[in-house]
Amino acid sequence: MRGFYSVLGIVYMITTSFYGSPEKAVMKNETNTKRIEKSVEMNSVKAEKTMSSSEELYHSISFEQGHELNEDVFFKALTGFENMKKAGLLNPESHLLTVCDFSMSSNTKRLWVIDMNEKKVLFNSLVAHGKNTGEEFATNFSNTESSLQSSLGFYITDATYQGDNGYSLKLLGMDKGFNDAAYRRAIVMHGADYVSESFAAMHKRIGRSWGCPAVPRILPSRSSIRSKEETFFSSITRIRTTFPNRNG
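Here it is, written out as structure tokens:
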């Protein structure tokens, strides 16, 4: 599990070394969001020209047959990933992108950790949504404390720690109004026994969290990859059609 977080740290969000502290990162969300929005607007004119290269990149990634990430979701994640680099929120050398597609059944492997340089999937895993977000499918999302719901958008990884749920990874939400309360809500990545195929077979779905993106406790170790250096994108295609559309 420690090895998995060493990948996700880099992956689940943007580098925390850009900020002085988690509190300052939360305070700067509005400014950072405006910078990203401006970058998106400037690059929208180029979208048609760059789509072919994005499509080429997508088709060059070694997704397992039958477990491919939705192409539209990938394009949105890639757009935000590149725009955050241009906005100075992410190390230009960052190359790991983690994407969660909440439009999929929770019984399917809907979380991908992608090495963009190597063009390969490091992990494809089950991931839980919040108790009040839905049963098998995620339908409700919130940025409010005690809602027990998941949040959508881009995040930054913070520190790892040993908590009630074992080894866990803190998250800082970057989308104002969508997930910027994640740190205060204690939304973290952690392992859970209820995130497993055996649990799903017994209960007709995997278990649900209190809003955290919980993953299986047993995952392959990747100790060679550092943490705190990359990006995580949580999306649902039925809810968000563009990034960062605050009214979607």
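Just add 264 to wherever you are in the sequence shown, counting from 1, and you've got this note's numbering. Using N, Cα and C, we set each Cβ at its ideal position, and we do this for glycine too. Remember, predicted model here, so these are calculated numbers, not experimental data.
| field | Every unbroken beta strand (DSSP E) within the stretch 437–493, with a cutoff of 3 residues, ordered by chain | value | Listed in chain order, they are 452–456.
| request: Alpha carbon to alpha carbon, how far is Gln426 from Ser398? Give it in angstroms, no decimals. | output: It should be pointed out that residue 398 corresponds to Gly in this sequence rather than to Ser. Using only the alpha carbons, I get a separation of about 28 Å.
| said: Restricting to runs no shorter than 3 residues, where is the beta strand (DSSP E) found entirely within the stretch 351–430? | reply: Fully enclosed beta strand (DSSP E) runs of 3 or longer: 360–365, 375–379, 384–389, 417–427.
| field | Stretch pair the stretch 393–410 + the stretch 470–479: three plus CB contacts closer than 8 Å | value | These segments touch.
| said: Going by beta-carbon coordinates alone, are Val337 and Ser499 separated by less than 8 Å? | reply: Going by C-beta atoms, Val337 is nearer than 8 Å to Ser499.
| Quick one, are the C-beta atoms of Leu436 and Tyr447 less than 8 Å apart? | In this structure, Leu436 lies near Tyr447, with their beta-carbon atoms less than 8 Å apart.
| task | Hey, could you find the ends of the beta strand (DSSP E) Ser326 is sitting in? | result | Ser326 -> no beta strand (DSSP E), and no H or E assigned at all.
| task | Let me know the secondary structure DSSP gives Thr295 once reduced to three states. | result | Below a pLDDT of 50, predicted positions are generally treated as unreliable, and Thr295, at 48, falls in that range; the measurement from the model is reported next regardless. Collapsing the DSSP output to three states places Thr295 in a helix.
| query | Gly441 and Pro480 look like a contact to me (Cβ under 8 Å); what is the Cβ gap, rounded to whole Å? | reply | Not really, about 31 Å apart at Cβ, beyond 8 Å.
| message | By the three-class DSSP mapping on this structure, what secondary structure does Leu333 have? | response | Three-state DSSP puts Leu333 in coil, outside helix and strand.
| message | By alpha-carbon positions, which one of Glu335, Leu390, Phe327, Glu409 ends up nearest to Ser462? | response | Taking each of Glu335, Leu390, Phe327, Glu409 in turn and checking the Cα distance to Ser462, the smallest one comes out for Leu390.
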